[in-house]
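Residue numbers 1 to 163, in full-length UniProt numbering, belong to the letters of the sequence shown in order.
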Amino acid sequence: MRVIKGNDVYESNIDWILAIASFLAGIGIGALGYHLLNTNVARNQKVRQRLAETELELNQIKDALNDHFARAADLITGIQRQSLELEQQLAQGAEKLCDDLQLKRKLAGNSEDDTPPAETPQMPRDYADGNRGTLSEDFGLRPDSTSGNRNQSEKQQTHPLRY
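Structure below.
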């Protein structure tokens with residue numbers, strides 16, 4: 001048989017107390033960490049909610065803009081149709097009531113005979129009328145006037161500019 005001394009009982013109790021204290025400290029540290037990390041999750045959730053709201057608002061604005069342009073296109077089509085009807089009515093009235101042939105042509109849209117034909121466009125040039133262009137072979141060359149001047153010009157040769 002073994003005899004248990006008083007010291008042995010206290011040593012085994014201390015081990016249990018340390019284990020329970022460590023366990024409770026771990027729970028406390030875990031709860032604190034969860035609380036600190038949970039604030040970022042809540043902030044992220046708010047940001048996601050704001051993003052969803054702005055996307056919804058953007059989609060509503062896009063839909064309103066599409067509706068606006070569709071209505072504007074319908075109105076423009078209506079105006080064009082009414083304009084054609086007005087032109088046709090004026091042309092019919094002119095046929096019945098007017099004796100002027102030129103006015104009838106203008107209203108009918110046959111005014112091509114009255115306007116002179118447009119000139120055909122010319123290619124762009126790098127020179128004025130009566131001159132030769134910069135792309136000609138003798139551009140920048142001085143014309144030879146006499147052979148006597150040629151001898152003088154040979155004596156007075158110009159040297160190229162130095163920069």
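From the three backbone atoms N, C-alpha and C, an ideal C-beta is built for every residue, glycine too. Please read these numbers as outputs of a predicted model, since none were measured by experiment.
If you reduce the DSSP assignment to three classes, tell me which class residue i lands in.
{"i": "E53", "result": "helix"}
{"i": "A42", "result": "helix"}
{"i": "N131", "result": "coil"}
{"i": "F139", "result": "coil"}
{"i": "R48", "result": "helix"}
{"i": "I17", "result": "helix"}
{"i": "R81", "result": "helix"}
{"i": "D74", "result": "helix"}
{"i": "R125", "result": "coil"}
{"i": "E119", "result": "coil"}
Given that a residue counts as buried once 16 or more other Cβ atoms are within 10 Å of its Cβ, and exposed if not, what is residue i?
{"i": "W16", "result": "exposed"}
{"i": "L97", "result": "exposed"}
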